[in-house]
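Chains as they are written, first to last, in my numbering: chain A, 14 to 101; chain B, 37 to 270.
Inspection log for the structure reproduced underneath, given as structure tokens.
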């Protein structure tokens with residue numbers, strides 16, 4: 014068994030330096046299978062130059078984040094929507 | 037609190053080690069002074085960043101152990117890059133960088149009223165202890181059950197504190213390397229957790245394999261997946 018993923022909770026810090034809201038409590042919809050999950054429950058693979066978040070249902074890549082010394086690359090192709098809880 | 041206002045983006049803060057407490061032979065609690073630390077919710081974590089003189093830098097996430105203030109309990113990982121430094125090298129008065137508090141999902145709110153099941157594997161106890169402590173601070177009457185899997189009794193973090201009787205908190209241990217090698221199983225969770233019909237909020241924290249096992253058991257016992265919150269540390 015070589016599962017070495019962690020939870021989307023771990024995206025809180027890296028996304029928190031980009032966004033003013035806590036994106037880990039948002040609900041994301043997978044572009045591959047349509048399943049929805051809290052971002053905090055995505056499967057995150059971090060033994061790489063960046064962070065790769067996969068769908069817990071179908072394993073498709075939902076989100077990729079790479080931090081360089083001068084910027085952040087955020088790839089959201091695998092994510093149809095992000096529903097972010099916001100009070101009026 | 038943190039949810040009603042947009043808190044703004046996270047940035048690195050300078051933290052100074054204020055006190056060290058031994059928990060077990062390999063785990064220590066580090067208390068940091070962090071100027072202007074906002075309050076946090078139990079279950080949240082911080083990212084810690086260490087930077088070497090040559091500019092090489094690395095970071096890890098650690099759960100907050102305390103209900104108030106910044107206390108991290110760090111289990112030394114033998115080949116680790118960060119934990120040996122935090123556990124054995126960093127001295128009181130020395131600085132590190134950290135950012136947080138992070139994460140609004142794996143948290144228990146004192147306003148929540150559902151019964152709570154906490155399942156810890158090894159140092160996965162840390163964020164769950166923050167929940168137990170917060171429950172005590174606000175004198176909550178929400179019933180808590182803790183199932184704590186550790187190798188041996190000597191590996192139990194916060195052993196003294198957990199031994200003290202606390203109304204409404206039941207603690208059950210699973211020792212995996214004592215007389216026989218064993219893992220947490222369906223019987224442990226079924227007997228010492230809550231029936232699914234009570235609709236408890238379940239928080240599971242530990243190594244990835246442990247969390248997978250426990251989450252699968254909870255689903256098999258009829259718990260709704262949305263009530264099972266997990267934090268794996270790889």
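Ideal Cβ placement from N, Cα and C applies to all residues, glycine included.
Please decide whether residue i counts as near chain B, where near means a Cβ-Cβ distance under 8 angstroms.
{"i": "residue 19(A)", "result": "yes"}
{"i": "residue 14(A)", "result": "The predicted model places residue 14(A) with a pLDDT of 44, which falls under 50 and marks its position as unreliable; any figure quoted below should be read in that light. Cβ-Cβ to chain B under 8 angstroms: yes for residue 14(A)."}
{"i": "residue 25(A)", "result": "yes"}
{"i": "residue 62(A)", "result": "no"}
{"i": "residue 9(A)", "result": "Residue 9(A) falls outside the range modelled here, since chain A spans only 14 to 101, and no answer is possible."}
{"i": "residue 94(A)", "result": "no"}
{"i": "residue 29(A)", "result": "yes"}
{"i": "residue 38(A)", "result": "yes"}
{"i": "residue 66(A)", "result": "no"}
{"i": "residue 85(A)", "result": "no"}
{"i": "residue 33(A)", "result": "yes"}
{"i": "residue 44(A)", "result": "no"}
Judging by CA-CA distance, which residue of the options is the nearest neighbour of residue i?
{"i": "residue 56(B)", "options": "195(B), 124(B), 46(B), 249(B)", "result": "124(B)"}
{"i": "residue 70(B)", "options": "87(B), 251(B), 97(B), 129(B)", "result": "129(B)"}
{"i": "residue 259(B)", "options": "195(B), 152(B), 190(B), 194(B)", "result": "152(B)"}
{"i": "residue 142(B)", "options": "99(B), 116(B), 178(B)", "result": "99(B)"}
{"i": "residue 38(A)", "options": "32(A), 47(A), 51(A)", "result": "51(A)"}
{"i": "residue 226(B)", "options": "106(B), 252(B), 167(B)", "result": "252(B)"}
{"i": "residue 71(A)", "options": "55(A), 85(A), 99(A), 97(A)", "result": "55(A)"}
{"i": "residue 76(B)", "options": "89(B), 119(B), 144(B)", "result": "144(B)"}
{"i": "residue 36(A)", "options": "250(B), 140(B), 217(B)", "result": "140(B)"}
{"i": "residue 197(B)", "options": "157(B), 166(B), 174(B)", "result": "166(B)"}
{"i": "residue 261(B)", "options": "34(A), 18(A), 49(A), 28(A)", "result": "49(A)"}
{"i": "residue 245(B)", "options": "54(B), 158(B), 192(B)", "result": "158(B)"}
{"i": "residue 105(B)", "options": "72(B), 119(B), 236(B)", "result": "72(B)"}
{"i": "residue 10(B)", "options": "115(B), 119(B), 176(B)", "result": "Outside the modelled stretch of chain B, which goes from 37 to 270, sits residue 10(B), for which no answer is possible."}
Compare the beta carbon distance of residue i and residue j with 8 angstroms and say whether it is the shorter of the two.
{"i": "residue 181(B)", "j": "residue 154(B)", "result": "yes"}
{"i": "residue 183(B)", "j": "residue 224(B)", "result": "yes"}
{"i": "residue 169(B)", "j": "residue 103(B)", "result": "yes"}
{"i": "residue 20(A)", "j": "residue 133(B)", "result": "no"}
{"i": "residue 138(B)", "j": "residue 26(A)", "result": "yes"}
{"i": "residue 209(B)", "j": "residue 232(B)", "result": "no"}
{"i": "residue 81(B)", "j": "residue 97(B)", "result": "yes"}
{"i": "residue 41(A)", "j": "residue 95(A)", "result": "yes"}
{"i": "residue 241(B)", "j": "residue 150(B)", "result": "no"}
{"i": "residue 65(B)", "j": "residue 112(B)", "result": "no"}
{"i": "residue 174(B)", "j": "residue 148(B)", "result": "no"}
{"i": "residue 44(A)", "j": "residue 93(A)", "result": "yes"}
{"i": "residue 89(A)", "j": "residue 57(A)", "result": "no"}
How should residue i be labelled, buried or exposed, when 16 other C-beta atoms within 10 angstroms of its C-beta is the threshold for buried?
{"i": "residue 83(B)", "result": "buried"}
{"i": "residue 110(B)", "result": "buried"}
{"i": "residue 234(B)", "result": "exposed"}
{"i": "residue 44(B)", "result": "exposed"}
{"i": "residue 117(B)", "result": "exposed"}
{"i": "residue 82(A)", "result": "exposed"}
{"i": "residue 78(B)", "result": "buried"}
{"i": "residue 107(B)", "result": "buried"}
{"i": "residue 3(A)", "result": "Residue 3(A) is absent from the model: chain A starts at 14 and stops at 101."}
{"i": "residue 59(B)", "result": "buried"}
{"i": "residue 62(A)", "result": "exposed"}
{"i": "residue 91(B)", "result": "exposed"}
{"i": "residue 4(B)", "result": "For residue 4(B) there is no data in the structure shown, the boundaries of chain B being 37 and 270."}
{"i": "residue 193(B)", "result": "buried"}
Quick one: does residue i have its CB under 8 angstroms from some CB of chain A?
{"i": "residue 267(B)", "result": "yes"}
{"i": "residue 40(B)", "result": "Its pLDDT being 46, under 50, residue 40(B) is placed unreliably by the model, and the measurement read from it follows with that caveat. Chain A, which has a Cβ nearer than 8 angstroms to the Cβ of residue 40(B), makes this yes."}
{"i": "residue 140(B)", "result": "yes"}
{"i": "residue 45(B)", "result": "yes"}
{"i": "residue 124(B)", "result": "no"}
{"i": "residue 37(B)", "result": "With a pLDDT of 45 at residue 37(B), under the threshold of 50, the modelled position of that residue is not reliable, and no figure is offered here."}
{"i": "residue 222(B)", "result": "no"}
{"i": "residue 83(B)", "result": "yes"}
{"i": "residue 50(B)", "result": "no"}
{"i": "residue 212(B)", "result": "no"}
{"i": "residue 94(B)", "result": "no"}
{"i": "residue 135(B)", "result": "yes"}
{"i": "residue 249(B)", "result": "no"}
{"i": "residue 97(B)", "result": "yes"}
{"i": "residue 87(B)", "result": "no"}
{"i": "residue 149(B)", "result": "no"}
{"i": "residue 244(B)", "result": "yes"}
Ignore the nearest five residues each way along the sequence and tell me which others in residue i's own chain have a CB closer than 6 angstroms to its CB.
{"i": "residue 254(B)", "result": "238, 264"}
{"i": "residue 52(B)", "result": "69, 131"}
{"i": "residue 87(A)", "result": "78"}
{"i": "residue 122(B)", "result": "110"}
{"i": "residue 191(B)", "result": "60"}
Apart from the five residues on each side of it in sequence, which residues of its chain come closer than 7 angstroms, Cβ to Cβ, to residue i?
{"i": "residue 74(A)", "result": "65, 67, 91"}
{"i": "residue 172(B)", "result": "202"}
{"i": "residue 47(B)", "result": "135"}
{"i": "residue 230(B)", "result": "151, 153, 181, 236"}
Can you name, in chain order, every residue of its own chain whose Cβ lies under 8 angstroms from the Cβ of residue i, other than the five neighbours on each side?
{"i": "residue 222(B)", "result": "253, 256, 257"}
{"i": "residue 189(B)", "result": "195, 209, 211, 214"}
{"i": "residue 249(B)", "result": "219, 220"}
{"i": "residue 85(B)", "result": "48, 93, 94, 95, 132, 133, 134, 135"}
{"i": "residue 243(B)", "result": "157, 158, 160, 268, 269, 270"}
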